[in-house]
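Everything on this sheet refers to the single structure shown next.
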């Protein structure tokens, strides 16, 4: 027994096979386009996540901290030498060492901050 005869708009339904095939094909095309768009968005999100993970790894790496402290030491040594500070190489160690100490203490401070926040 067909349920179509109980529907109020049963005349809207057609039994024409070609119309039904066109409708099914059109729906399949639309679904395929939506699936492709979603797959593209997922790939873009995954690519962005990879970039963010790499950036975060760089930001927290010891290589970055050592590079910054070395560059700081060089620049401050040159600056102190140019303005005539006595023993610029020794005095330039202070800001470089301060940067390293602050970098090393940040993970501990971050963990405590997270613990207190929760």
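In our numbering, the protein residues as written are 135 to 252. Glycine included, C-beta positions come from ideal geometry on N, C-alpha and C. The structure displayed is predicted, hence computed values, not measured ones.
Short of 7 Å from the beta carbon of residue 226, and not among the five residues preceding or following it, lie these beta carbons of its own chain, in chain order: 207, 210, 211 and 214. About 5 Å separates the beta carbons of residue 203 and residue 230, which is inside the 8 Å limit, making them a contact pair. Under the three-state reduction of DSSP, residue 226 is assigned to coil, being neither helix nor strand.
In this structure, the beta-carbon distance from residue 234 to residue 199 falls below 8 Å. Secondary structure at residue 220: coil, using DSSP grouped into helix, strand and coil.
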